[in-house]
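Visitor: Okay, here's the structure, questions in a sec.
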Amino acid sequence: MADPTPADGGDAAKPWWATAVFYQIYPRSFSDSDGDGVGDLPGVVDKLGYLELLGVDALWISPVMRSPMADHGYDVSDPRDIDPLFGGIGALDALIEEAHARDIKVTMDLVPNHTSDQHPWFVEALAAEPGSRERERYIFRDGRGENGDEPPNNWPSIFGGPAWTRVTEPDGTPGQWYLHIFAAEQPDLNWENDEVFEDLATTLRFWLDRGVDGFRIDVAHGMAKPPGLPDMPEELQTGLLINDDDDPRFNNPGVHAIHKRIRTVMDEYPDAVTVGEIWVRDNKRFAEYVRPDELHLGFNFRLAEADFTAESVRDAIENSLKAVDSVQGVPTWTLSNHDVEREVSRYAEGTTEDVGRDRARAMVLVELALPGTVFLYNGSELGMPNVDLPDSALQDPVWERSGHTNRGRDGCRIPVPWTGDTPPYGFSDSADTWLPMPEGWADLTAEAQLEDVDSTLSLHRLAIELRRTRPEFAGEEVEWYGAPPGCLAFRRSVGRLVCALNTTDAPVGLPGGEVLLSSAPLVDGRLPANAAAWLV
């Protein structure tokens with residue numbers, strides 16, 4: 420690989436979140452403190468020492484608000500309380516206090532697109548008449564057809580089946596239909612109703628006043644619906660858990676007015692952050708979400724979607740940087756989350772799990788070498804793979820709603836292994852965990868990896884520490900330079916850190932400089948297959 424040329428300059432002062440490493444905790448699967456087989460917030464508190472040792476700057480806690488758990492917390496029945504399953508509101512207060520004492524920020528999942536069907540508002544809507552104030556909080560419509568027995572439009576649910584459910588009116592007759600882009604237990608709110616925003620503003624201030632440092636906004640591109648709710652073109656009905664940029668269910672222009680209103684509340688808390696889940700591929704349209712008066716950050720999933728090839732990874736990086744460049748936004752990077760197949764398993768496709776783990780180790784060095792904000796998913800630092808569960812164990816609502824044609828996302832939500840040689844590996848005192856844990860994970864536990872300098876956990880710890888402490892990570896620009904076929908190399912524009920990635924099956928030469936860190940031992944001074952290195 421050719422040597423890069425030097426660069427000079429310095430980084431301007433940035434807010435804390437602009438360079439932070441966030442750690443996503445899926446609470447059900449992180450650590451169980453009370454032996455019921457389901458992770459909880461006291462379990463998170465118990466592992467804060469581990470998270471401090473890992474070196475993360477902030478936590479993103481997936482939904483813990485009160486919920487009947489039809490979609491494992493993304494169906495919220497009370498947005499201003501914590502579900503007893505996770506320990507109640509006192510447990511969150513304790514988590515915030517303990518995390519802040521360790522200089523770790525705490526952000527929460529926020530679900531503004533819909534509520535649970537057990538939310539008091541929806542219960543009131545079902546008891547009320549068509550056209551009533553109670554129904555105006557949601558999206559109720561008369562059906563089509565002679566007797567109104569056909570849905571108001573042809574929209575499918577993201578989880579499978581139609582996006583509409585017909586209700587029985589208070590007098591016992593078949594009545595209107597309500598919209599639910601996700602499960603029937605998750606009715607969509609009507610964001611044209613000011614009462615909906617005012618309630619969300621109350622929720623935002625409630626948690627921020629308790630010390631929460633910000634929110635990850637679920638389905639941030641989905642709250643606004645198009646006028647008239649037109650039918651969806653058949654060519655856009657492409658499958659479950661995905662959407663096209665022109666999908667009428669998402670990414671409608673009116674969503675930006677909603678985010679501007681949310682930002683007015685967030686600006687009352689200058690140190691807090693919002694990061695939106697934005698499944699929008701067009702860079703110009705993506706940038707609109709992170710303009711200075713909307714979201715602080717937007718999840719960009721290009722890197723998580725990239726194949727393990729130099730061309731695909733470079734394209735993902737270039738697209739992600741370009742997506743925020745026009746608005747001087749901060750890029751975000753992630754390789755996995757609770758909705759995405761784990762990177763070890765993705766990269767293992769067509770080869771072995773060991774190779775997949777080597778590639779995942781390489782990609783975390785690529786991710787952490789980039790300017791911006793990084794999101795790690797719990798267990799990725801241990802090299803956890805997806806798990807192929809038996810049908811009887813599946814709990815994702817996608818499984819049932821798809822007529823058992825889509826297995827859903829349970830495979831990436833298996834509980835984290837902490838100690839020991841057999842399930843449940845210290846995750847719980849109960850062997851009956853909410854999703855079963857496989858045999859053969861003794862080498863993946865945090866306990867087994869903590870003192871092993873060559874482990875995936877140790878690689879993450881050292882990489883995060885270097886990213887935080889070394890001046891070579893300065894600079895907002897990524898500069899590319901020559902690399903052999905199947906390889907890539909880039910440099911941070913100010914600090915001059917070099918990152919080299921080899922996606923081939925043979926060792927390659929490295930550019931000049933001192934190797935700061937590599938994802939695998941060098942071979943006669945060369946970068947081995949499926950590996951990455953940092954040089955200074």
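Those letters in the sequence shown? Residues 420 to 955, by our numbering.
Heads up, the beta-carbon is just placed ideally off N, CA and C, and yes, glycines get one too.
Values in this document were obtained by computation on a predicted structure and should not be read as measured data.
For E730 and A546, I'd like the C-alpha separation in whole angstroms.
Guide: 56 Å
Visitor: Cutting at 6 Å between CB atoms, please list the residues of its own chain near P790, excluding the five before and the five after it.
Guide: E895
Visitor: Could you name the residues of the same chain whose beta carbon sits closer than 6 Å to that of H538, not counting the 5 residues immediately before and after it, in chain order?
Guide: S496
Visitor: If you follow the alpha helix (DSSP H) that I883 is part of, which residue opens it and which one closes it?
Guide: Looking at the DSSP string, the run of the alpha helix (DSSP H) that includes I883 is 875-888.
Visitor: Using the three-state DSSP reduction, which class does A437 fall into: helix, strand or coil?
Guide: helix
Visitor: State the Cα-Cα distance for the pair L754 and F625, rounded to the nearest angstrom.
Guide: 32 Å
Visitor: If you measure between the beta carbons of D829 and W818, is that distance less than 9 Å?
Guide: yes
Visitor: Where do the ends of the alpha helix (DSSP H) carrying K644 lie?
Guide: In the DSSP annotation of this structure, K644 is not part of any alpha helix (DSSP H), being labelled neither H nor E.
Visitor: In chain order, which continuous runs of the beta strand (DSSP E) of length 3 or greater are located wholly inside the region 561-628?
Guide: 583-587, 593-598
Visitor: Can you give me the C-alpha to C-alpha distance between P649 and F449, rounded to a whole angstrom?
Guide: 42 Å
Visitor: According to DSSP, is T526 helix, strand or coil?
Guide: DSSP places T526 in the strand class (E or B) of the three-state scheme.
Visitor: Secondary structure at D422, three-state DSSP: helix, strand or coil?
Guide: Bear in mind that a pLDDT of 48 at D422, under 50, signals an unreliable position, so the model cannot answer this.
Visitor: Between E884 and F794, what straight-line distance do the alpha-carbon atoms span, to the nearest angstrom?
Guide: 15 Å
Visitor: Considering V793, what are the terminal residues of the beta strand (DSSP E) in which it resides?
Guide: 792-796
Visitor: Buried or exposed, going by whether 16 or more other CB atoms sit within 10 Å of the CB of D690?
Guide: exposed
Visitor: For M527, tell me which candidate among V694, A908, R721, R820 has the shortest Cα-Cα distance.
Guide: V694
Visitor: Taking its Cβ as the centre, do 16 or more other Cβ atoms sit within 10 Å of N566, making it buried, or is it exposed?
Guide: exposed
Visitor: If you compare alpha carbons, which of Y900, L920, N921 is closest to S912?
Guide: Y900
Visitor: Expressed to the nearest angstrom, what Euclidean distance is found between the alpha-carbon atoms of A882 and D663?
Guide: If I take the Cα positions, the gap works out to 35 Å.
Visitor: Within 10 angstroms of the Cβ of K703, are there 16 or more other Cβ atoms? Answer buried if so, exposed if not.
Guide: exposed
Visitor: Quick check: A850 and P857, are their CB atoms within less than 9 Å of each other?
Guide: no
Visitor: So what's V763 in DSSP terms, helix, strand or just coil?
Guide: helix
Visitor: Figure out for me which residue from D734, G717, R554, I833 has the closest Cα to the Cα of E588.
Guide: R554
Visitor: Could you compute how far the alpha carbon of D773 sits from the alpha carbon of A865?
Guide: Distance between the alpha carbons of D773 and A865 is about 18 Å.
Visitor: Do L511 and Y557 have their beta-carbon atoms positioned less than 9 Å apart in this structure?
Guide: Taking 9 Å as the Cβ cut-off, Y557 and L511 do not qualify as a contacting pair.
Visitor: Let's test the definition: count the other Cβ atoms within 10 Å of the Cβ of V709 and tell me whether it reaches 16, buried, or not, exposed.
Guide: buried
Visitor: Within the chosen definition, does the region 913-922 reach the region 740-750 through at least 3 CB pairs nearer than 8 Å?
Guide: no
Visitor: Within the same chain, show all residues whose beta-carbon is closer than 6 Å to that of G492, passing over the 5 residues directly before and after it, in chain order.
Guide: P482, S486
Visitor: In chain order, what residues of the same chain have a beta carbon less than 7 Å from the beta carbon of S874, not counting five sequence neighbours either side?
Guide: Q868
Visitor: Would you tell me roughly how many angstroms separate the C-alpha atoms of D430 and G914, rounded to the nearest one?
Guide: Per-residue confidence for D430 stands at a pLDDT of 46, beneath the threshold of 50, marking its modelled position as unreliable; no derived number is given.
Visitor: Jot down the residue ranges of each uninterrupted alpha helix (DSSP H) in the region 433-514, minimum 4 residues, whole runs only, in chain order.
Guide: 460-465, 467-473
Visitor: How far does the beta strand (DSSP E) with A950 in it reach, from first residue to last?
Guide: That run of the beta strand (DSSP E) goes 950-954.
Visitor: Quick check on DSSP: helix, strand or coil for H640?
Guide: coil
Visitor: From this set, A767, L472, P531, S847, which residue's C-alpha is nearest D451's C-alpha?
Guide: S847
Visitor: In whole angstroms, what is the alpha-carbon distance linking A812 and T852?
Guide: 11 Å
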